[in-house]
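Inspection log for the structure reproduced underneath, given as structure tokens.
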Amino acid sequence: MSVNVRPKSVSHQVRATRLELVDRLEKQLANAKQWHDFDNPQDYRNARAEGTHGFDRPQLNDQARLVYATGRDGQRIELRVIEPPGPSKDVFLHFHGGGFVIGSNASYDGYLTRLSEASGLTVASVEYRLAPEHPFPAGRDDCVDAALFALSAPGISELGAPLRVLGGESAGAWLAVAVALELRDKYQIDVKSQIAAICAGYGIYDLTYTPSLLSNKRNIVLSRESMMKFSEAAFGHIPFGDRKRPDISPLYADLGNLPPAHFLVGNVEPLLDDSIFMAARWINAGSEAELHVVEGACHGFTLFPLGEVTDIGVQAVVEFLRVQLQRFTTSASVAHSS
Numbered sequence: 001m002s003v004n005v006r007p008k009s010v011s012h013q014v015r016a017t018r019l020e021l022v023d024r025l026e027k028q029l030a031n032a033k034q035w036h037d038f039d040n041p042q043d044y045r046n047a048r049a050e051g052t053h054g055f056d057r058p059q060l061n062d063q064a065r066l067v068y069a070t071g072r073d074g075q076r077i078e079l080r081v082i083e084p085p086g087p088s089k090d091v092f093l094h095f096h097g098g099g100f101v102i103g104s105n106a107s108y109d110g111y112l113t114r115l116s117e118a119s120g121l122t123v124a125s126v127e128y129r130l131a132p133e134h135p136f137p138a139g140r141d142d143c144v145d146a147a148l149f150a151l152s153a154p155g156i157s158e159l160g161a162p163l164r165v166l167g168g169e170s171a172g173a174w175l176a177v178a179v180a181l182e183l184r185d186k187y188q189i190d191v192k193s194q195i196a197a198i199c200a201g202y203g204i205y206d207l208t209y210t211p212s213l214l215s216n217k218r219n220i221v222l223s224r225e226s227m228m229k230f231s232e233a234a235f236g237h238i239p240f241g242d243r244k245r246p247d248i249s250p251l252y253a254d255l256g257n258l259p260p261a262h263f264l265v266g267n268v269e270p271l272l273d274d275s276i277f278m279a280a281r282w283i284n285a286g287s288e289a290e291l292h293v294v295e296g297a298c299h300g301f302t303l304f305p306l307g308e309v310t311d312i313g314v315q316a317v318v319e320f321l322r323v324q325l326q327r328f329t330t331s332a333s334v335a336h337s338s
């Protein structure tokens with residue numbers, strides 16, 4: 001068993017350029033009100049959606065279509081579907097980031113359109129319920145129900161291809177792993193035979209916090225304080241000492257018999273240790289993982305226009321998908337012929 005670690009060394013000049021962009025982003029956001037400074041989280045969500053809070057207004061894909069799954073409580077769960085220019089190979093079920101509190105599937109249109117075009121996959125992004133209005137496990141349950149729908153015959157018909165990838169960024173990475181664990185443990189699904197890959201970008205996997213978060217003193221997109229407030233909004237009803245439960249902190253879960261996972265993270269990042277620790281435990285449990293640490297990259301670097309470092313992150317995800325989907329297809333063909 002071994003983990004494929006792919007930190008790529010860069011020249012001093014390249015590193016300096018990347019760090020300059022990160023510093024600029026930190027200054028740009030320095031005076032922006034945090035979500036917890038608003039009267040309620042929805043006011044912050046509205047400001048982000050309208051582009052009045054330091055971030056550009058999200059560019060929507062007018063070709064996106066909406067599909068609806070039915071949740072366990074009878075609620076409708078929206079899946080925002082973006083399709084590639086050519087025939088779709090498979091479906092990537094995506095979970096947006098935002099600390100379990102903010103964000104939306106539509107706000108990721110730009111990134112997911114790029115990912116769909118580069119990978120040839122249909123991307124379906126889940127609009128799950130957010131905390132603090134809907135604390136854990138509401139959002140996770142919505143994502144699990146969306147995955148069950150995508151695996152079903154009606155889901156495959158409506159999405160136009162079978163579900164093969166789970167993935168997300170930040171809180172969405174937590175959701176991708178949590179969904180895989182729920183499918184395996186609660187629903188007794190052989191996840192490895194259904195899912196070819198898990199793509200987890202700069203996620204949090206220990207809700208009692210890792211050293212890189214506890215020691216972080218900067219506020220580049222995500223600060224120590226904001227991450228802890230996100231956690232309290234979603235998990236505050238659970239005593240802190242109980243948050244090492246595997247369903248809350250997947251770092252402590254049994255990670256065996258899971259699909260190959262790609263853990264992407266920058267090294268200017270409060271959640272750096274989460275990805276490093278998670279990749280190591282994934283491998284130690286007998287599953288496959290690739291850890292890709294990007295020099296000079298901050299939280300959310302695949303989502304912001306940070307030049308070549310953004311391209312590197314997106315290309316890393318696309319290449320991992322290419323390799324794993326090809327392996328999955330080959331293995332399925334061999335199994336079918338035998």
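At position 333 of the sequence shown (counting the first as 1) the number is 333 in UniProt numbering, and the numbers step up by one without a gap.
The beta carbon of each residue, even a glycine, is placed where N, CA and C say it ideally should be.
Which one of the options has the shortest CA to CA distance from residue i?
| i | options | result |
| --- | --- | --- |
| ALA106 | ILE156, ALA69, ARG48 | ARG48 |
| CYS199 | ALA261, VAL191, ASP274, PHE55 | ALA261 |
| residue 347 | ARG327, GLY296, PHE100 | Not covered by the structure: residue 347. The range shown for the chain is 1 to 338. |
| LYS217 | TYR187, LEU303, SER104, GLU269 | GLU269 |
| ASP274 | LEU207, ILE312, ALA285, VAL323 | LEU207 |
| GLU78 | PRO84, SER88, HIS96 | HIS96 |
| PRO259 | VAL294, ALA176, ALA316 | ALA176 |
| GLY168 | ARG15, GLU158, VAL179 | VAL179 |
| LEU325 | LEU183, LEU163, ARG72, GLN188 | LEU163 |
| THR113 | ARG140, PRO85, ARG129 | PRO85 |
Among residues of its own chain, excluding the 5 on either side of residue i, which ones have a beta-carbon nearer than 8 Å to its beta-carbon?
| i | result |
| --- | --- |
| LEU271 | SER170, TYR202, GLY203, ILE204, THR210, SER212, LEU213, LEU222, MET227, VAL265, HIS299 |
Residue i by DSSP, collapsed to three states: which one?
| i | result |
| --- | --- |
| ALA16 | helix |
| ASN31 | coil |
| GLU117 | helix |
| SER2 | Because the pLDDT at SER2 is just 46, under 50, the model does not fix this residue reliably, and the value given afterwards should be weighed accordingly. Reduced to three states, the DSSP call for SER2 is coil. |
| GLU133 | coil |
| ASN61 | coil |
| THR329 | helix |
| ILE312 | helix |
| GLY256 | coil |
Return the bridge partner residues of residue i from the DSSP annotation.
| i | result |
| --- | --- |
| SER125 | ARG80, HIS94 |
| TYR68 | GLU78 |
| GLY172 | Paired residue(s): none; GLY172 is not in a bridge. |
| LEU166 | LEU93, ILE198 |
| LEU321 | BP columns for LEU321 are empty, so no partner. |
| CYS298 | VAL268 |
| ILE220 | LEU222 |
Ordered along the chain, which non-local residues of its own chain (more than five positions away) have a Cβ less than 6 Å from that of residue i?
| i | result |
| --- | --- |
| HIS36 | LYS229 |
| MET1 | Summary for MET1: the model assigns pLDDT 41, below 50, so the residue's position carries little reliability; its value from the coordinates is reported in the next sentence. Contacts found: ILE283. |
| GLU83 | THR122 |
| GLU127 | GLU78, ASN105 |
| SER119 | VAL318, LEU321 |
So, for residue i: in the same chain, excluding its five sequence neighbours on each side, which residues have a beta-carbon less than 7 Å away from its beta-carbon?
| i | result |
| --- | --- |
| GLU50 | ARG57 |
Would you call the segment 127-138 and the segment 232-239 in contact, with 3 or more CB pairs under 8 Å? yes
Would you call the segment 116-135 and the segment 213-225 in contact, with 3 or more CB pairs under 8 Å? no
Taking 8 Å as the cut-off, does the segment 276-285 touch the segment 239-259 (at least 3 CB pairs, one atom from each stretch)? yes
Would you be able to state if there are at least three C-beta pairs under 8 Å between the segment 56-74 and the segment 85-96? no
May I ask you to verify whether the segment 237-247 touches the segment 293-311, counting CB pairs closer than 8 Å and requiring at least 3? no
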